[in-house]
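Structure record follows, encoded as structure tokens.
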Amino acid sequence: MGKGDPKKPRGKMSSYAFFVQTCREEHKKKYPDASVNFSEFSKKCSERWKTMSAKEKGKFEDMAQADKVRYEREMKTYIPPKGETKKKFKDPNAPKLGEMWNHTAADDKQPYEKKAAKLKEKYEKDIAAYQAKGKADAAKKGVVKAEKSKKKKEEEEEEEDEEDEEEEEDEEDEEEEDDDE
């Protein structure tokens, strides 16, 4: 736990945690030299907790409530240390790519802008469907849609790759014609 702030208030304990702490203290008093098997001890505490009446648990619940009040009081006055913020990774090629995009002709940008518009439209439809149907229904459909859209996306990418190859070939042909002239 080396990273934690030592000045931060200790967390609040549950009623069960107070019960286990009490059991541990009782066990140490009865058997001061005995080693404790944690898993067995935890099972026994758990069984004992389950069989306790609400009245018996009340003592521990009161302790937990008092600890919660203490924790909330201490957290109000606690000011966490500033700490060091890590520098965000900055891609050195991003400015170059932005510059290239700005100098690209409108005709060359058109297929990418169309694709972006389609994706934005799809996103807006998906968000509207999600909000209209609720989280659970949309999530169920989203899994099925995701599988279908993944296949469709792969097909579209293959088509785009073919189109890009054709465009490159056309550009090469035009360059060769320009060189011949």
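In terms of our numbering, the sequence shown has 160 at position 160, counting the first letter as 1, and numbering is strictly consecutive. For glycine and all other residues, C-beta sits at the position ideal for the given N, C-alpha and C.
Cβ pair residue i, residue j closer than 9 Å
i	j	result
Ala17	Ala64	yes
Pro9	Glu74	yes
Lys12	Glu72	yes
Phe60	Thr22	yes
Residue from the options whose Cα sits closest to the Cα of residue i
i	options	result
Thr77	Glu155, Glu156 and Lys7	Lys7
Lys55	Ile127, Ser15 and Lys122	Ser15
Trp101	Glu121, Ser35 and Tyr112	Tyr112
Glu156	Lys68, Gly134, Ile127 and Leu119	Leu119
Phe38	Arg24, Lys30 and Lys29	Arg24
Integer-rounded CB distance, given that residue j should sit under 8 Å from residue i
i	j	result
Asp33	Pro81	So it is not a contact: roughly 42 Å between Cβ atoms.
Phe89	Trp49	Going by Cβ atoms, the distance from Phe89 to Trp49 rounds to 49 Å, so no, they are not a contact pair.
Simplified DSSP state of residue i, which is helix, strand or coil
i	result
Gly58	helix
Arg184	In the structure displayed, the chain extends from 1 to 181; residue 184 sits before or after that span and is not available.
Ala34	coil
Gly83	coil
His132	Going by the sequence as given, residue 132 is Ala instead of His. It is helical.
Asn93	coil
Lys50	helix
Gly4	coil
Val20	helix
Inter-stretch contact at 8 Å, needing at least 3 Cβ pairs: the segment 84-99 / the segment 39-51:
The segment 84-99, when compared against the segment 39-51, does not touch it at the 8 Å Cβ threshold.
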